[in-house]
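**Q** Protein chains in written order, with the working numbering: chain V, -12 to 412; chain H, -12 to 412.
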């Protein structure tokens, strides 16, 4: 029985897992005969929340990877270089691996899965995506009988918190102000780039796309756009038009190709994803038999992430290592559609000079590019400039790019056009 | 390898599963080396949607239970008596069982699990609850590291469809009218008792409570109340107070006891469950490590149910039979709190005579029973009678019963008091 666990890293998640062993082992023993045993912790320093007196502690995490008494190494150190070496060392020593490290899997998963496969070992990473939500299990096992057509997820809590705060009725807050609030609350890092630029979400979507659509892990092919450009005006117009702006990761089959994109998105207010607020995450999956299913919960935090790590450990203890690490045994390359090749509806916001005939000129430019209008708002702003806001019908993005270029070249359009894609599900 | 499948029953779900084998086996083969093979179908008559020419067909479903070439029997005949015999026969012949039959598991699960346990066989029933949503897997595996505190689910699509239609802005429709519409659309049976009286939901909650809280299957202890008593007035007042009425199944730990109850419930409009409309299902789970997670999708239909059945089949093919059939290896009895013992907030609607002093008398009766008021609406109805609508703070239901009895005994209260429980999560 493979049930002896070694934890590497005792930060937020590591301490959460350590304490879950302390509090919930009796409850777990009611559910399975294959109860895990925590035998070693590798950490550079102790954690104030953890009493390490009854467990072997090493300051060298590689000790855990070499410890013959450890069957399952849990990698919670973060980063990619040392983490990759650690996991390779653990695999070389015949240990199963559980990790919460999305960057590691997104960037080095192919290599790690290959090595694990040769050894008949499991690499599990439920905690890498959407924290406490068992989304990897849902996709790889719960929906295994389906052909998954698309996945759309709110998979970065920081971005969702910021957009939610900006969308509070009457808030009218700017991105920068809410970001500062998020930092004060500990929901955003001092350097928020990874979260607000969409990189963290892109790591997670890379993994979701691979396990859901059976394509290779290809972070480098992802189109990634963050939320820093969203203004209070966009939030207001979205509400007026019946939408909410969400930062979504979208993976979608498009003929034989796939779309891999992370960007702010208009989501109709009556959609379930539009209701996901604050730091919560949710992933919607569209598949041929089950239809639309959604999975909602906390995307981060010690408890939720430890819950996901523990689920992986328990699966391995039950010797349930027969799910392929990559989700598919037969991963097939598929062309990734460049962002200019997708079809979408768009929200456009134009600041224009306030004089007669502007609307006709804008409409005519749209018409020239066969962009048809689904909804339109025209408003005078506080300055004497006017704003025109448009929701278009579906059109190829390359056509939209040309249309926007012509709009921006017009003397009547005063600033770069704001463009946000509209969700189609 | 246990991968030879026999299907018993070729109704809606059976035909859906048969066609899923036809359409998705190539996709499934990309995900697992343990591809299932459909070897026999037992059905009283053919199904117009299924081409049975390439599979062995028997008109006696018990042939499937005795067929030495079948490893996994899929019970999709419905009902409980013959289904129970069929499953017992299959187990006696060493076959794993997959079923979509909630009544069978809720009423006979203990016996079936015991027999299966002795033989080392799996009984899987993902499709029995919430159709295409992998909720059994989420609870038993995804959240296995947690102590689950409560489960609250919209688990009957018919009831949810009816309440959703009644709640459409401006609808003002009566229950009976919407029921007829649901019957015309095929969302409700000709005899809708099972759905609208809450029995179907109670079967499902019986199973959810057992696998989530580790208590025995005990359908007979369930408090069950349907939606037939909900009026357009209640729907309107709910909206005015910021709530939506949903029919919920709730299982909750309460000290060492558990609450098992199915009834209409006021859910605050900003809760995720309040957003689940039409025939869709959703289950919210509150647990100690992961916090609140929710699972949403289609609760019925050929495709979604077949998706869940196929997931169970694939788990068994991968020899993942190590999850205990009952969810827990150590099921422990717990007292079921009688409904009079729960604590809840309440919505009360009183029709009263329209004269001065009534409000004071009503308030004083509430005060006598230590029921405090959180929100109140007083309105004149079209007739000269007035209505008083109250949301109370949390109070024990036995106290509320006494309070209501005294209100109804008052000459100023004209009709039985309407009482609907308010969700506390």
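A virtual CB, placed ideally from N, CA and C, is assigned to each residue, including glycine.
1) Let me see if you follow: with CB-CB separation under 8 Å, is residue 332/V close to chain H or not?
2) Is it true that the CB of residue 221/H sits closer than 8 Å to the CB of residue 405/H?
3) Less than 6 Å between C-beta atoms, sequence neighbours within five positions excluded: which residues of the same chain meet that for residue 37/V?
4) Going by alpha carbons, who is nearest to residue 332/H out of 299/H, 345/H and 408/H?
5) When the Cα of residue 204/H is compared with those of 40/H, 346/H, 90/H and 142/H, which residue comes out closest?
6) In the DSSP assignment, what residue or residues form a beta bridge with residue 110/H?
7) At a CB-CB cut-off below 9 Å, which residues of chain V make contact with residue 301/H?
8) May I have the straight-line CA-CA distance separating residue 149/H from residue -12/V, to the nearest angstrom?
9) Please name the residue in 240/V, 227/V, 251/V and 241/V whose C-alpha comes closest to that of residue 233/V.
10) Suppose only complete runs of 3+ residues qualify. What are the beta strand (DSSP E) ranges in the stretch 140 to 171 of chain V, listed by chain order?
11) What's the gap between the Cα of residue 414/H and the Cα of residue 21/H?
12) So for residue 253/V, helix, strand or coil by DSSP?
13) Within 10 angstroms of its Cβ, does residue 325/V collect 16 or more other Cβ (buried), or is it exposed?
14) Are at least three pairs of beta-carbons, each pair with one atom in the stretch 282 to 293 of chain V and one in the stretch 105 to 124 of chain V, less than 8 Å apart?
15) Under 8 Å between beta-carbons, which chain V residues line up against residue 121/H? List them in chain order, please.
16) Touch check for the stretch 28 to 36 of chain V and the stretch 81 to 96 of chain V: three-plus C-beta pairs under 8 Å?
17) Tell me, to the nearest whole angstrom, how far the beta carbon of residue 134/H is from that of residue 11/V; I am working on the premise that it is less than 8 Å.
18) Would you grab the beta carbon distance between residue 56/H and residue -9/H for me? Rounded to a whole angstrom, and I think it's under 8 Å.
19) Quick one: which chain V residues come within Cβ less than 8 Å of residue 11/H?
20) Quick check: is the beta carbon of residue 17/H nearer than 8 Å to any beta carbon in chain V?
21) Span of the alpha helix (DSSP H) holding residue 30/H?
22) Following the continuous beta strand (DSSP E) through residue 238/H, name the residue where it begins and the one where it ends.
23) Going along the stretch 199 to 217 of chain V in order, which residues come within less than 9 Å of chain H, judged by CB to CB distance?
24) Hey, how far is the Cα of residue 354/H from the Cα of residue -5/V?
25) In chain H, which residues lie less than 9 Å from residue 291/V when you measure between Cβ atoms?
26) Helix, strand or coil: how does DSSP classify residue 364/H here?
27) Among 384/V, 238/V, 95/V and 282/V, which has the Cα closest to the Cα of residue 259/V?
28) Going by C-alpha distance, which of 139/H, 308/H, 191/H and 357/H is nearest residue 411/H?
29) Can you give me the C-alpha to C-alpha distance between residue 79/V and residue 54/V, rounded to a whole angstrom?
30) What did DSSP end up calling residue 11/H once you bin it into helix, strand or coil?
31) By the 9 Å beta-carbon criterion, what residues does the stretch 143 to 175 of chain V contribute toward chain H?
32) So what does DSSP say about residue 71/H, is it helix, strand or coil?
33) Does any residue of chain H have a CB that is nearer than 8 Å to the CB of residue 114/V?
34) Using a Cβ-Cβ distance cut-off of 8 Å, determine whether residue 26/V contacts chain H.
35) Anyone know if the C-beta pair for residue 338/H and residue 279/H falls short of 8 Å?
**A** Taking the structure as given:
1) Chain H, which has no Cβ nearer than 8 Å to the Cβ of residue 332/V, makes this no.
2) By the CB criterion at 8 Å, residue 405/H and residue 221/H fall inside the cutoff.
3) Sequence-distant Cβ neighbours of residue 37/V in its own chain, meaning closer than 6 Å and more than five residues away, are 2 and 5.
4) By alpha-carbon distance to residue 332/H, the top candidate from 299/H, 345/H and 408/H is 408/H.
5) Selected option, being the one with the closest Cα: 90/H.
6) DSSP output for residue 110/H lists 84/H as bridge partner(s).
7) Under the 9 Å cutoff, chain V gives 128, 131 and 132.
8) Taking C-alpha positions only, residue 149/H is separated from residue -12/V by approximately 51 Å.
9) Nearest of 240/V, 227/V, 251/V and 241/V to residue 233/V, Cα basis: 251/V.
10) Given a length threshold of 3 residues, the stretch 140 to 171 of chain V has no whole run of the beta strand (DSSP E) inside it.
11) This structure leaves residue 414/H out entirely; chain H is present only between -12 and 412.
12) When secondary structure is reduced to three states using DSSP, residue 253/V falls in the strand class.
13) Residue 325/V comes out exposed.
14) Touching, yes.
15) Going along chain V in sequence order, the residues near residue 121/H (Cβ under 8 Å) are 124, 125, 128, 129, 130 and 280.
16) Short answer: they don't touch.
17) Rounded, the Cβ-Cβ distance is 6 Å, consistent with contact.
18) With a beta-carbon spacing of about 6 Å, residue 56/H and residue -9/H fall inside the 8 Å limit used to define contacts.
19) Listed along chain V are 132, 133, 134, 275 and 276, each with a C-beta nearer than 8 Å to that of residue 11/H.
20) Output row for residue 17/H: interface = yes.
21) Element bounds for residue 30/H: n/a, residue is neither H nor E.
22) Start and end: 230 to 241.
23) For the stretch 199 to 217 of chain V, which is checked against every Cβ of chain H, the residues closer than 9 Å are 201.
24) When rounded, the distance between both Cα atoms is 58 Å.
25) Chain H residues near residue 291/V: 276, 277, 278 and 280.
26) DSSP places residue 364/H in strand when its eight states are reduced to three.
27) Of 384/V, 238/V, 95/V and 282/V, the residue nearest in Cα terms is 282/V.
28) Per the Cα distances, 139/H.
29) Approximately 12 Å between the Cα atoms of the pair.
30) Here residue 11/H sits in helix by DSSP.
31) Correct list: empty, as no residue qualifies.
32) Residue 71/H: helix per DSSP, three-state reduction.
33) By this cut-off, residue 114/V is not an interface position.
34) With 8 Å as the cut-off, residue 26/V does not count as an interface residue toward chain H.
35) The Cβ-Cβ distance between residue 338/H and residue 279/H does not fall below 8 Å.
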